[in-house]
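Numbering (full-length UniProt numbering), first residue to last: 1 to 197.
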């Protein structure tokens, strides 16, 4: 992966929104929220304005005009530059084509889980499974609603991806719960760690 002048994933979302048309940061934020981008990228209004400033400094976007109406304060409208358009496509191409090892917190927990008593592992994993099931159902309902509203499938593929990950994790956790319930594992854990708790 290349070293980038701006590395915050929110910057990529801002560039993509400005690909459609020039707009001010408030409108960008409104559209990101409307597209449920906050499900994939953490941000708030402050971080959005900070990213706009970074993109401007890097030459990826430029202020096009300042507008003022009687109801709102002055707002600067930003447009994508040629340099920004190139960065958008180059960065997005890297993200799509290059697998990257993320280090999710659950992976950390799994690597250390052997210290927990088997019954506690089962209890905690059962809680996780219930939460995963709820999350998956919420995504299904949201996607169904968007589909009913005529949203084109390509705008829902991030939901499809999240749902696929949730379903894979649900399957994994279900099997893991059964593994922790096995008498042979319970005996082995008791022999190695049980006396230390």
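We put the beta carbon where it would ideally sit given N, CA and C, even for glycine. As the structure is a prediction and not an experimental result, all values here were calculated from the model.
Could you say which of the options lies nearest to residue i if we only look at CA atoms?
i           : options               : result
residue 107 : 37, 6, 14 and 172     : 172
residue 115 : 169, 104 and 191      : 191
residue 9   : 138, 55 and 20        : 55
residue 205 : 59, 127 and 63        : Limits of the chain in this structure are 1 at one end and 197 at the other, which puts residue 205 out of reach.
residue 155 : 2, 4, 16 and 6        : 16
residue 139 : 129, 150 and 159      : 159
residue 119 : 145, 176 and 91       : 176
residue 164 : 133, 181, 149 and 112 : 133
residue 174 : 96, 123, 152 and 145  : 123
residue 110 : 98, 3, 50 and 180     : 180
residue 4   : 99, 92 and 178        : 92
residue 198 : 46, 27, 37 and 83     : In the structure as shown, the chain begins at 1 and stops at 197. Residue 198 is therefore absent and cannot be evaluated.
residue 90  : 2, 182 and 150        : 2
residue 47  : 21, 68, 153 and 11    : 11
Does the distance from the CB of residue i to the CB of residue j come in under 9 Å?
i           : j           : result
residue 81  : residue 65  : no
residue 117 : residue 34  : no
residue 85  : residue 23  : no
residue 170 : residue 129 : yes
residue 121 : residue 36  : no
Buried or exposed for residue i, going by 16 or more other Cβ atoms inside 10 Å?
i           : result
residue 88  : buried
residue 29  : buried
residue 25  : buried
residue 94  : exposed
residue 125 : buried
residue 189 : buried
residue 13  : buried
residue 184 : exposed
residue 52  : buried
residue 6   : buried
residue 71  : exposed
residue 97  : exposed
Under the assumption that residue i contacts residue j (Cβ atoms under 8 Å), give the Cβ distance between them as a whole number of angstroms.
i           : j           : result
residue 39  : residue 162 : 7 Å
residue 61  : residue 43  : Contact flag wrong, Cβ pair sits at about 16 Å.
residue 167 : residue 146 : Actually they do not touch by this definition, with Cβ atoms about 19 Å apart.
Return the bridge partner residues of residue i from the DSSP annotation.
i          : result
residue 78 : 23 and 63
With a threshold of 9 Å between beta carbons, is residue i in contact with chain B?
i          : result
residue 32 : The structure shown contains no chain B; it holds only a single protein chain.
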